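With the sequence shown counted from 1, adding 71 to any position gets you my numbering. We put the beta carbon where it would ideally sit given N, CA and C, even for glycine. On a predicted model such as this, the values are computed, not experimentally measured, just so you know. Have a look at the structure below, then the notes.
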Amino acid sequence: MKKLLTPTWTINSIYAIKPDDLLRHDIKAIICDLDNTLIAWNQWEHTEEMAEWLTRFKEEGIGIYLLSNNNYDRVLKVAEPLELRFTSSALKPRRKHFVLAIEDLQVPKENVAVIGDQVMTDVIGANRNHLKSILVKPIAPNDNIYTIINRILEKLAFKIVGIDRTGDWGNTLE
């Protein structure tokens, strides 16, 4: 159980991750959550910070795939202007859409990392697919109604794996 709940790395913010951090760990592609990872769950358009961050990764040849449990219209509105491939309504942590994302990225799974803000969807999904995972702190201080149950379960998961959600997770993957 502990292995399923444990992320490979924890970091304060997705925006602290640099392309070199991933390349140093032989990560050539990322499967990235959207809500409260890249932008707040209640924000409907990408931010300039998000666009610049994604551009840096693309310029370094790191593949990016959005995998979201949110609905198609919400994910499309963010992904389309940035020309990001994505799956919406992914039902994470189910394996199916992680497998499809890896196939789309055309990178061996040992070179893929999942980045997200939830243990119950992103970390478990990564671990079920034998992928590396980067758990980030949520961007917004609150969640939508569908995520509240996951956050309650996540508190128990943090106790099991010994992660302090309120502590400083640092700004590097080291």
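State the CB to CB distance for the pair residue i and residue j, rounded to an integer number of angstroms; the pair is presumed to be in contact (CB under 8 Å).
i: V153; j: A111; result: Before going further, note that residue 153 is Leu rather than Val in the sequence given. Not really, about 16 Å apart at Cβ, beyond 8 Å.
i: N107; j: P209; result: 4 Å
i: K73; j: V232; result: 6 Å
i: L105; j: V149; result: 6 Å
i: A100; j: G134; result: 4 Å
i: N221; j: Q189; result: 6 Å
i: G196; j: K230; result: Contact doesn't hold; Cβ gap of about 21 Å is too wide.
i: L75; j: N198; result: 5 Å
In this structure, how does DSSP classify residue i when only helix, strand and coil are distinguished?
i: I98; result: coil
i: T77; result: coil
i: D175; result: helix
i: A211; result: coil
i: K89; result: coil
i: T243; result: coil
i: I220; result: helix
i: I234; result: coil
i: L227; result: helix
Could you spell out the range, first to last residue, of the beta strand (DSSP E) harbouring residue i?
i: G196; result: No beta strand (DSSP E) contains G196, which is instead part of the alpha helix (DSSP H) from I195 to R199.
i: R156; result: R156 to T158
i: A184; result: V183 to G187
i: I135; result: G134 to L138
Work out the CA separation of residue j and residue i for me, nearest whole Å.
i: I82; j: G187; result: 10 Å
i: W80; j: K129; result: 22 Å
i: L176; j: N200; result: 15 Å
i: D144; j: G241; result: 34 Å
i: D97; j: A184; result: 10 Å
i: Q114; j: E181; result: 32 Å
i: I85; j: L244; result: 11 Å
i: R165; j: L224; result: 17 Å
i: D193; j: I102; result: 9 Å
i: S204; j: L147; result: 24 Å
i: I173; j: E151; result: 20 Å
i: V207; j: W124; result: 15 Å
i: G132; j: D92; result: 13 Å
i: L227; j: T77; result: 12 Å
i: L109; j: K167; result: 22 Å
Can you name the start and end residues of the alpha helix (DSSP H) that residue i belongs to?
i: V146; result: Y143 to A150
i: L125; result: E119 to E130
Would you call the region 138-147 and the region 230-240 touching, i.e. three or more CB-CB distances under 8 Å?
no
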